[in-house]
Every structure is written in C-alpha cells, then in structure tokens.
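Student: Numbering of the sequence shown is given in our numbering, commencing with residue 32 and proceeding in unit increments. From the three backbone atoms N, C-alpha and C, an ideal C-beta is built for every residue, glycine too. Values in this document were obtained by computation on a predicted structure and should not be read as measured data.
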Amino acid sequence: MNRFKQIEAEILAASNILITAHKSADGDSVGSSLGLLHFIEKLGKKATICHPDKAPDFLDFLELSSIIVMDQEPEKVTAAFQNADLIFSLDYNATDRVGKGMQPLLESATCTKIMIDHHLDPQNFASITVSDTSASSTAELIVELIEQSGNVALLDEKIGNPLYLGILTDTGSFRFNSVKPRTHEVLAKLLATGVKHHLIHELLNDTNTASRLRLQGFAMSQKMEIMEQNAVAIISLTKEELEKYQYKKGDTDSLANLALSIKGIKAAMVFSERDGIIKISFRSKGKDNPVNGLAANHFDGGGHANASGGMSALSMPETLDKIKGLVPEYFPVV
Numbered sequence: 032m033n034r035f036k037q038i039e040a041e042i043l044a045a046s047n048i049l050i051t052a053h054k055s056a057d058g059d060s061v062g063s064s065l066g067l068l069h070f071i072e073k074l075g076k077k078a079t080i081c082h083p084d085k086a087p088d089f090l091d092f093l094e095l096s097s098i099i100v101m102d103q104e105p106e107k108v109t110a111a112f113q114n115a116d117l118i119f120s121l122d123y124n125a126t127d128r129v130g131k132g133m134q135p136l137l138e139s140a141t142c143t144k145i146m147i148d149h150h151l152d153p154q155n156f157a158s159i160t161v162s163d164t165s166a167s168s169t170a171e172l173i174v175e176l177i178e179q180s181g182n183v184a185l186l187d188e189k190i191g192n193p194l195y196l197g198i199l200t201d202t203g204s205f206r207f208n209s210v211k212p213r214t215h216e217v218l219a220k221l222l223a224t225g226v227k228h229h230l231i232h233e234l235l236n237d238t239n240t241a242s243r244l245r246l247q248g249f250a251m252s253q254k255m256e257i258m259e260q261n262a263v264a265i266i267s268l269t270k271e272e273l274e275k276y277q278y279k280k281g282d283t284d285s286l287a288n289l290a291l292s293i294k295g296i297k298a299a300m301v302f303s304e305r306d307g308i309i310k311i312s313f314r315s316k317g318k319d320n321p322v323n324g325l326a327a328n329h330f331d332g333g334g335h336a337n338a339s340g341g342m343s344a345l346s347m348p349e350t351l352d353k354i355k356g357l358v359p360e361y362f363p364v365v
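1) Rounding to the nearest angstrom, what Cα-Cα distance links serine 343 and asparagine 192 in this structure?
2) Give me, in chain order, the residues of the same chain whose beta-carbon lies closer than 6 Å to that of phenylalanine 112; leave out the 5 immediate sequence neighbours on both sides.
3) Using 8 Å for Cβ pairs, my map puts asparagine 102 next to lysine 85. What's the rounded Cβ distance?
4) At a cut-off of 6 Å, is aspartate 282 close to the ligand MN when judged by its beta-carbon and the heavy atoms of the ligand?
5) With C-beta atoms as the reference, is aspartate 148 less than 7 Å away from aspartate 116?
6) By the three-class DSSP mapping on this structure, what secondary structure does methionine 258 have?
7) Determine the closest residue to histidine 232 out of Lys275, Asn288, Gly58, with distance taken between C-alpha atoms.
8) Tell me the DSSP secondary structure of threonine 350 in three-state form.
9) So, for glycine 334: in the same chain, excluding its five sequence neighbours on each side, which residues have a beta-carbon less than 7 Å away from its beta-carbon?
10) Using CA atoms only, rank isn't needed, just tell me which of Ser167, Leu351, Glu216 is closest to leucine 268.
11) Please return the same chain residues whose Cβ sits closer than 6 Å to the Cβ of proline 83, not counting the five positions on each side in sequence.
12) DSSP state of methionine 101, grouped into three classes?
13) Whole angstroms is fine: what's the gap from asparagine 320's alpha carbon to proline 87's?
14) What residues match up with isoleucine 266 in a beta bridge as DSSP calls it?
15) Let's see if you can read the secondary structure: which residues bound the beta strand (DSSP E) around lysine 189?
16) May I ask which residues mark the beginning and end of the beta strand (DSSP E) holding serine 120?
17) What are the complete alpha helix (DSSP H) segments, minimum 4 residues, inside the segment 131-189?
Shown next, in the form of structure tokens:
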C-alpha cells in the first residue's frame, strides 16, 4: 500500500480528524488546510481545522470561518486536540512551528499523526510522513494525495480553489524555481475542475488599502539600504513606523520580493518589529544564493533555499548590525 492509500485508510477509519498548520499563516498553510478539509468531506468524513493564529486579511475571500484559531479560542482548540484520533500536520516539519500554545497539545497527543510538508529536514514526530522538498507547495502534495489515493474523480472547484491559491502564493505566482513540469500538470487538473484562476488572482492581489501602499512606499523610499558590493537589499521597519501606517498582518509580505526585483539584487531581507521581536523575511535568486542556512544558523529560522524566515530578540539596531556583518560571508563580492 502506498503512503497516500494508507492516508486514505486512516481518514476512513478516524472519527475525529484534526488539521493543523504552522504559525504565521500564509496562502499555502491556509489553502492546503481548506483543500484537505473539503476532500475529507467528499470522502464522507468530518474534520476540524485549528491554526495557531489568524490568517492575514488578504485571504479573507477564503472560507476562514472554518478555521478555529488558538489565539482567539484556546478552549476549542484544546478540546479538538484532546478529542482527535487523527491529526494532520500540514506545511510544517517540526512541532515548534505551531507556536507555544499548540506545541504541547500536539506533542502530548497519542493518536496517529500525518505530516504532509515540503520543507527541508523534517522532524521525526509523525506516524506517517510525506516530506517532498521537490514539491512547489504543500497544496501540490494534497493534490497528489487525492490523485494517488485513487480519488481524482472527487476533485472539484470547492477543493481546487484553496489548493490553487496555495500553489500560487508559495511559488510567488509561479516565478520560483520550485515550479516544475508536474506543478503545471497539477494546475491544469485544478483548472479542469472549474477553478477560475483569474478571479483568484484578482481576489488575492487587488486588495490593497491606502495605508498598506503608503507603508510600502515609505519602506522602499526611506527604509531600504542596498549593500551594493554584495547585491543585497535590506529593509527595516520599527514598531513605531508600522503603527504610523496602521499596519495589519500581511501588509509587509510583498516587500522582500519587491526589493528582490531590483536589477542586480541577489537577496532581499525585511526586518519588522512586531510582537516584541524582530521578524525577518529572507528572499533570494538562484541556487547559488540560498538564504535558508543564514536563517537557520543565525536567526532561529529556516525554510526554502530562496525563501525563508527568521527572528531576532535583539534590538533593531543590534539586529541590523548583525546581518550586515553576516552578509559578506553569505553573499561575497564576486
């Protein structure tokens, strides 16, 4: 029995299925969660989604009411973990990725756990692990689960919409080198179900607020530094600056890619002071300029070779001094 048929068997045998994803919700974690939920429902079973925190506002067009958030309803999340006889861990490879509130609930659960993920170096905590770093996204792996378990006939627009969104966002609108021929084959199958890709692009991208655009303009014009010799762009935003522009979750998500679009830039980094720490987004171009090692080795983070995240407990000036000292090591002058 292949792993996907085994997963189908676990779904059919379970009574209380729980779907979890990582903290700092994004398009792939939300999209893969909702896509899996609708697939499970098509199999005639019920499931609950519990996430550590709320999805950013730009994903409001999805069925976010289906997601119970730990930050908002900890009692309901705790009860869901205690009642679960099958837990899915989507889009994360280590238990600490679900945050301090959910981590002990996940680790203490004794039921079957299934990890479906595409990040490097998976932790050995799941009963069944599907870890494929060559996949563009976890949403792509959910499509493979549906196909390889023999349920491709169940694919429909309701399942396909969030999965298309997950692939779209985790590939940078299909620009990252994680996109392979099979990614486009998966997308074709989703479009064949009736997914209206143009509407998803519009709903995802045409949602700017005036304050978000002003924040992005301020960041690019006033807060971006370029280390010319190393071809690295650095943007930093303090708590006070974010508050000045009425920051909402997701408002800075595009800044790293925007800076990376500058001609000649190999890597871009955004440092934003939120929730008492400095949160960091790393982006880069090409196989010769990975950022996941920098994130993992120095900023308690990790991720993909060209798209990673991290954090710093230092002050903003101290954090910027640290990164500027590390840049020549990771992006030497050619």
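Tutor: Concretely, from the data shown:
1) For the purposes of this step, residue 343 is taken as residue 312 along the sequence shown, with counting starting at 1. For the purposes of this step, residue 192 is taken as residue 161 along the sequence shown, with counting starting at 1. Taking the straight line from one Cα to the other gives about 35 Å.
2) Here residue 112 corresponds to residue number 81 of the sequence shown, with the count starting at 1. If we look at phenylalanine 112 and ignore the five residues flanking it on each side, its Cβ neighbours are Leu136, Ala140.
3) Looking up residue 102 in the sequence shown gives position 71. Looking up residue 85 in the sequence shown gives position 54. Note that residue 102 is aspartate in the sequence shown here, rather than asparagine. Between lysine 85 and aspartate 102 the Cβ distance is about 7 Å, and since that is below 8 Å, they are a contact.
4) The model depicted lacks the ligand MN and carries no ligand whatsoever.
5) Reading the sequence shown from its first residue, position 117 is the one you call residue 148. Reading the sequence shown from its first residue, position 85 is the one you call residue 116. Contact flag unset, no.
6) Residue 258 sits at position 227 when you count from the first residue of the sequence shown. If DSSP states are grouped into helix, strand and coil, methionine 258 belongs with the strands.
7) Locating residue 232 in the sequence shown gives position 201, where the first residue counts as 1. Distance from the Cα of histidine 232 is smallest, within the candidate group Lys275, Asn288, Gly58, for Gly58.
8) On the sequence shown, position 319 is the one that residue 350 refers to. Threonine 350: helix per DSSP, three-state reduction.
9) Position 303 of the sequence shown, counted from the first residue, corresponds to residue 334. Counting only Cβ-Cβ distances below 7 Å, and skipping sequence neighbours, we find His150, Asn323, Ala326, Gly340.
10) Counting from one through the sequence shown, the residue named residue 268 turns up at place 237. Closest option to leucine 268, Cα to Cα, is Leu351.
11) By one-based count along the sequence shown, residue 83 stands at place 52. Cβ neighbours of proline 83 beyond the five flanking positions: Lys54, Met101, Val129, Gly130, Met133.
12) Locating residue 101 in the sequence shown gives position 70, counting from the first residue. Here methionine 101 sits in coil by DSSP.
13) Locating residue 320 in the sequence shown gives position 289, counting from the first residue. Locating residue 87 in the sequence shown gives position 56, counting from the first residue. Distance between the alpha carbons of asparagine 320 and proline 87 is about 29 Å.
14) The sequence position of residue 266 within the sequence shown is 235, counting from 1. DSSP lists Met255, Val301 as the beta-bridge partner residues of isoleucine 266.
15) Numbered from 1 along the sequence shown, position 158 holds the residue referred to as residue 189. From DSSP, lysine 189 is part of no beta strand (DSSP E) but of the alpha helix (DSSP H) over 188-201.
16) Taking the sequence shown and counting its residues from 1, the one referred to as residue 120 is at position 89. For serine 120, the uninterrupted beta strand (DSSP E) segment begins and ends at 117-121.
17) You should have 169-179.
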